[in-house]
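The numbering of the sequence shown is UniProt numbering, which starts it at 1 and goes up by one.
The structure appears below as structure tokens.
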Amino acid sequence: MSEGEGQFVFADEKLPKRGALMTSQPPWRILVVDDDADVHEATRFALKGIPILGRPVEFLHAHSGAEALAVLRREQDIAVLLLDVVMETPDAGLRIVSAIRDELQLTNLRIVLRTGQPGQAPEMDAISRYDINDYKTKNELTRNKLFTTVTAALRSYEQLRRLDASRRGLEKVIAASNDVMTRPGLRSFAEGIILQIASLIGVPPEGLVCASTPQQPPQNGDVAEVEIIAAAGRFSGLTDKPFDTIDEPRITTALRQSLSERRNLVEAHSVALFFETQDQHAYAVFVDSNEPIHELDQSLLHMFCTNMSLCAQNIQLVSALRDQAYFDRLVSLPNRSAMLRELDRAIDSAGRNEQALALVDIDQFSAVNDLLGHPYGDQLLSAIAQRLSKEFPGCFVARVSGDVFGLLGRREHLTPDAIGRLFSTPFNIDQVDHPLTVSTGIVHLRDVQGSGSDGIQNAYIALKRAKTTGLGHHAYYSESIANETHDRNRMRIALHRALAKGDQLYPVFQPQLDLLSGRVVGLEALTRWRGDNGAHVSPDRFIPVAEQTALILPIGEWILRRSIDVLESLHQHGHTGLRMSVNVSTVQLRQPNFLSILDHALDGSSIRPECLELEITESVAALGINQVRTLLEAIRARGVSIAIDDFGTGFSSLSYLHRLPANRLKIDRSFIHTLEHAQSGRIAEMIVPLGHQLGMKVLAEGVETASQRDRLRALGCDEMQGYLLARPMIADDLAAWLDAYRPNAD
């Protein structure tokens with residue numbers, strides 16, 4: 001929490017008495033993350049000794065994002081995270097959220113975002129973009145509201161925890177369903193029942209499953225033919241032991257009574273549940289509970305026993321349970337778990353070398369959901385699933401994540417062309433044709449070293465490569481791509497570290513020349529990175545990584561402010577005729593607070609907006625022409641000019657270019673290098689008059705020779721930059737260079 005943030009103010013409010021209703025259950029574990037020690041103390045004081053949902057509270061503490069992640073990696077069963085937004089960086093809290101969900105995969109942990117500066121993370125934006133569960137400003141968190149917020153979060157956590165435990169038990173039941181009445185399938189099935197019952201009533205899995213045959217049901221207390229077929233927890237050593245090895249009379253009595261009376265017995269702190277198969281095999285399950293079993297839990301247990309009876313004797317219900325774990329009901333396709341199972345089989349088969357896995361990602365599907373609604377998106381997913389199943393009948397088709405489908409089949413069938421043709425025809429939803437493009441990652445199973453999980457991971461690596469090259473592209477997995485992916489990940493970590501250190505990234509500035517007068521009229525700000533070993537990392541390597549990981553946001557804001565500071569200093573030293581050009585990525589423009597960042601940077605200096613220019617590339621087309629046009633017009637209304645950088649290497653739609661409110665068109669250096677060649681030099685000859693006709697000035701990048709300069713001047717090009725004039729230089733060297741420079745039109 002930075003200086004000036006709101007503090008907690010606790011009124012005298014009625015809460016549960018401190019120390020009331022304490023039980024033997026373990027405490028709720030709550031992690032408080034804030035860089036202000038007073039916040040930790042206030043939170044601890046507010047809830048100290050107060051039971052929540054019948055259990056005490058234990059606090060863990062972290063004072064930075066890195067410390068919080070270390071605690072989460074080390075500690076288990078943390079239920080709630082009270083997280084400050086602003087710590088070592090303005091968005092430290094939001095970055096922690098991403099790491100928790102994406103890296104640590106802690107999906108049950110409930111996150112309450114707390115901020116003293118709502119503007120740092122607007123509530124609607126934070127809730128929409130990040131997987132957080134509540135958002136509170138610190139001023140509104142009175143003691144009573146803090147108790148209410150934490151209680152709601154703990155209740156949600158406990159429901160998710162129980163659901164996970166229930167799902168684990170269900171998966172074990174399904175795994176044993178094909179051989180449910182014979183060992184070892186019966187034992188696995190019975191162990192799953194213990195876990196399932198325990199999860200339903202919210203207790204640790206401590207219990208026994210006993211079985212009796214129809215020929216020898218227990219009569220008059222005779223339990224000679226009763227077997228212990230499964231056990232868990234403190235009873236785990238009793239599996240396959242004689243019934244009389246159970247040395248607790250209350251347990252043997254309950255099991256004997258349940259089997260002989262053929263009914264469920266629910267006591268205050270235990271249950272003995274009965275179910276039987278159609279062929280009269282009888283089973284009794286005993287589970288201990290350290291808490292009273294509520295009426296709702298009893299109802300669920302009775303329902304569960306009925307289901308277990310049907311499961312054991314009805315193959316249709318077994319199939320339904322299998323569908324629960326391996327089938328996606330929304331699109332009527334197998335799910336990721338089913339694909340993993342099928343992949344494992346394919347990898348272990350003799351024909352693996354002829355097989356391939358393709359992951360098909362629907363481009364911009366999240367925008368479909370946002371604009372047209374989730375019901376529409378669901379219909380679209382179902383239509384895609386039907387078409388994939390119809391057009392690839394020999395392949396195993398599954399939905400492996402929200403908008404990603406997997407196809408497993410022969411290599412010659414799973415080609416980019418075949419998949420692309422499938423999506424060349426629009427999908428008709430609600431009588432409206434909806435065109436789609438897809439990105440595809442393909443891996444040949446012969447290149448998979450390991451299990452099905454490794455195969456999906458490799459396919460995702462290829463898919464990520466395809467998506468970095470644009471919409472509708474594809475990529476095949478290879479070892480080199482995998483190595484590049486790992487290298488990018490290492491670079492991401494190093495770049496994050498460099499940004500945190502603050503002394504490895506630095507700006508340089510390259511002068512821009514007016515070709516007619518020979519005067520220096522502008523500067524382009526560029527970012528450089530000197531690594532730990534003193535060697536420079538090429539911008540062509542680290543800028544794409546920064547854009548892919550959103551590190552470009554803090555880097556971009558920093559270079560904007562630093563560039564304005566340098567220009568202000570140059571103006572103060574007499575170089576008043578200069579403008580500063582700063583590159584802005586599509587990722588930055590997509591941020592809803594971009595204009596606020598720009599305004600804040602300008603307001604903090606004496607530089608007039610007319611002296612600042614933002615350089616964009618043609619990739620902004622991905623944002624949509626209407627959104628881009630509105631944003632650029634808002635920028636120009638402030639007096640800031642717009643330059644289109646690297647023209648001719650990207651989207652290059654003339655109709656799109658015509659609609660962009662830009663001031664300057666920059667010819668990419670690749671066209672300048674070939675300027676002296678008759679054929680290849682014609683592109684530059686076309687761009688210069690095109691820019692002028694669109695009302696823009698034209699600047700050539702990468703000019704290295706006098707003949708290139710002269711040729712550009714003859715073509716009517718307005719400005720240039722490149723090594724012929726000057727290399728990019730740090731601010732101190734730039735000031736000296738400008739002092740020494742004398743205009744020379746030749």
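Cβ coordinates follow ideal geometry from the N, Cα and C atoms, glycine included.
Would you mind working out which of Ile293, Glu248, Gly233 and Ile229 sits nearest Ala284, comparing C-alpha positions? Residue numbering aside, residue 284 sits at position 284 when the sequence shown is read from its first letter. Comparing Cα positions, the closest option is Ile229.
Kindly indicate which three-state DSSP category Ala175 falls into: helix, strand or coil? Within the sequence shown, numbered from 1, the residue matching residue 175 stands at position 175. With a pLDDT of 44 at Ala175, under the threshold of 50, the modelled position of that residue is not reliable, and no figure is offered here.
In DSSP terms, what residue 747 is bridged to: Because the chain spans 1 through 746 in this model, residue 747 falls outside it and cannot be assessed.
Once the 5 residues before and after Leu357 are set aside, which same chain residues still bring their CB inside 6 Å of it? Here residue 357 corresponds to residue number 357 of the sequence shown, with the count starting at 1. Correct list, in chain order: Leu408, Val443, Gly455 and Ala459.
On the DSSP letters alone, give me the boundaries of the alpha helix (DSSP H) that Asp732 sits inside. The residue you call residue 732 lines up with position 732 of the sequence shown. Per DSSP, Asp732 belongs to the alpha helix (DSSP H) from Ala731 to Ala740.
Segment contact flag, the region 486 to 499 with the region 539 to 549, C-beta cutoff 8 Å, min 3 pairs: yes
Which residues mark the beginning and the end of the alpha helix (DSSP H) in which Glu58 is found? Position 58 of the sequence shown, counted from the first residue, corresponds to residue 58. Counting along the chain, Glu58 falls outside any alpha helix (DSSP H), though it belongs to the beta strand (DSSP E) covering Val57 to Ala62.
Is the beta carbon of Leu690 less than 8 Å from the beta carbon of Val703? The residue given as residue 690 occupies position 690 in the sequence shown. The residue given as residue 703 occupies position 703 in the sequence shown. No, Cβ-Cβ distance for Leu690 and Val703 is not below 8 Å.
Those runs of the alpha helix (DSSP H) which lie wholly inside the region 314 to 396 and span at least 4 residues: 315 to 326, 336 to 348, 365 to 372 and 374 to 391
What do you get for residue 749, buried or exposed, if any count of 16 or more other CB atoms within 10 angstroms of its CB means buried? Any question about residue 749 goes unanswered here, given that the chain covers just 1 to 746.
So, at 8 Å on beta carbons, what are the nonlocal neighbours of Lys172 in its own chain, with the 5 sequence-adjacent residues on each side left out? Within the sequence shown, numbered from 1, the residue matching residue 172 stands at position 172. In this prediction, Lys172 scores a pLDDT of 47, lower than 50, which makes its location untrustworthy; the coordinate-derived value is nonetheless stated afterwards. Cβ within range, chain order: Ser188, Phe189, Glu191, Gly192 and Leu195.
Can you grab the Cα-Cα spacing for the pair Asp503 / Arg114, in whole Å? By one-based count along the sequence shown, residue 503 stands at place 503. By one-based count along the sequence shown, residue 114 stands at place 114. When rounded, the distance between both Cα atoms is 30 Å.
Using CA atoms only, rank isn't needed, just tell me which of Met87, Glu225 and Asn744 is closest to Leu725. As a working note, residue 725 is residue 725 in the sequence shown. For the residues Met87, Glu225 and Asn744, the minimum Cα distance to Leu725 belongs to Asn744.
What residues are listed by DSSP as bridge partners for Phe275? Here residue 275 refers to the residue found at position 275 when the sequence shown is read from its first residue. Paired residues: Tyr283.
Val432 classed as buried or exposed, judged by whether at least 16 other C-beta atoms fall within 10 angstroms: Numbered from its first residue, the sequence shown carries residue 432 at position 432. Flag for Val432 reads exposed.
Leu623 in three-state terms, based on DSSP: Translated into positions along the sequence shown, residue 623 becomes position 623. Correct three-state label for Leu623: helix.
Is Phe427 helix, strand or coil by DSSP? For the purposes of this step, residue 427 is identified with residue 427 of the sequence shown, where counting begins at 1. Phe427: strand per DSSP, three-state reduction.
Note down the Cα distance separating Arg183 from Ala211, rounded to an integer number of angstroms. Numbered from its first residue, the sequence shown carries residue 183 at position 183. Numbered from its first residue, the sequence shown carries residue 211 at position 211. Residue confidence is low: Arg183 scores 37 on pLDDT, short of 50, so the model does not pin down where it sits. Its coordinate-derived value is still stated next. Taking the straight line from one Cα to the other gives about 12 Å.
What residue from Leu612, Asn264, Asp514 and Ala268 has the CA that sits closest to Glu276's CA? Start at 1 with the first residue of the sequence shown, and residue 276 comes out as number 276. Nearest option by C-alpha distance: Asn264.
Using three-state DSSP, classify Cys717 as helix, strand or coil. Here residue 717 refers to the residue found at position 717 of the sequence shown. In the structure shown, Cys717 sits in coil (DSSP, three-state: anything other than H, G, I, E or B).
The beta strand (DSSP E) that contains Thr253, what's its start and end? Within the sequence shown, the letter at position 253 stands for residue 253. It is not in any beta strand (DSSP E) - Thr253 instead sits in the alpha helix (DSSP H) that spans Pro249 to Glu261.
Cα separation between Val203 and Ser289? Position 203 of the sequence shown holds residue 203. Position 289 of the sequence shown holds residue 289. Distance between the alpha carbons of Val203 and Ser289 is about 6 Å.
So, under 8 Å CB-CB, Met720 and Leu515 are touching, yes? Tell me the CB distance rounded to an integer number of Å. Mapped onto the sequence shown, residue 720 falls at position 720. Mapped onto the sequence shown, residue 515 falls at position 515. Met720 to Leu515, Cβ: 6 Å. Contact.
Helix, strand or coil for Thr137, going by three-state DSSP, please let me know. Here residue 137 refers to the residue found at position 137 when the sequence shown is read from its first residue. Strand, per DSSP.
Per DSSP, what kind of secondary structure is Asp512 in: helix, strand or coil? Walking along the sequence shown from the start, residue 512 turns up at place 512. Reading off the sequence shown, one finds Gln at residue 512, where the question assumed Asp. The answer is strand: DSSP assigns Gln512 an E or B state.
Residue burial classification, Tyr157 (beta-carbon count within 10 angstroms, cutoff 16): Counted from its first residue, the sequence shown places residue 157 at position 157. Buried, because 16 or more other Cβ atoms sit within 10 Å of the Cβ of Tyr157.
On the three-state DSSP scale, how would you describe Val448? Residue numbering aside, residue 448 sits at position 448 when the sequence shown is read from its first letter. Val448: coil per DSSP, three-state reduction.
Among the candidates Asp244, Phe647, Thr674 and Ala385, whose CA atom is the shortest distance from the CA of Arg664? Counting from one through the sequence shown, the residue named residue 664 turns up at place 664. For the residues Asp244, Phe647, Thr674 and Ala385, the minimum Cα distance to Arg664 belongs to Phe647.
Trp558 bridges to which residues according to DSSP? Looking up residue 558 in the sequence shown gives position 558. According to DSSP, Trp558 bridges with nothing at all.
Report yes if the CB atom of Leu259 is closer than 8 Å to the CB atom of Ala231, and no otherwise. Here residue 259 refers to the residue found at position 259 when the sequence shown is read from its first residue. Here residue 231 refers to the residue found at position 231 when the sequence shown is read from its first residue. Contact flag unset, no.
Given a threshold of 16 other Cβ atoms within 10 Å of its Cβ, counted over all protein chains shown, does Lys666 qualify as buried or as exposed? As a position in the sequence shown, residue 666 is number 666, starting the count at 1. The residue is buried, with at least 16 neighbouring Cβ atoms inside 10 Å.
Using the three-state DSSP reduction, which class does His575 fall into: helix, strand or coil? Here the question's residue 575 lines up with position 575 in the sequence shown. Correct three-state label for His575: coil.
Sequence-distant residues of its chain with Cβ nearer than 7 Å to Leu495 (five each side left out): Reading the sequence shown from its first residue, position 495 is the one you call residue 495. Answer for Leu495: Phe542, Val545, Ala546 and Leu551, listed in chain order.
Through-space distance from Gln364 to Thr107, alpha-carbon basis: Here residue 107 refers to the residue found at position 107 of the sequence shown. Here residue 364 refers to the residue found at position 364 of the sequence shown. Distance between the alpha carbons of Thr107 and Gln364: 24 Å.
Can you tell me the Cα-Cα spacing of Glu610 and Ala92, whole angstroms? Residue mapping note: residue 610 aligns to position 610 of the sequence shown, counting from 1. Residue mapping note: residue 92 aligns to position 92 of the sequence shown, counting from 1. Whole-angstrom Cα-Cα distance: 34 Å.
Is it right to say Leu330 is buried, meaning 16 or more other beta carbons lie within 10 angstroms of its own, or is it exposed? Sequence index remark: in the sequence shown, residue 330 carries index 330 (1-based). So Leu330 counts as exposed.
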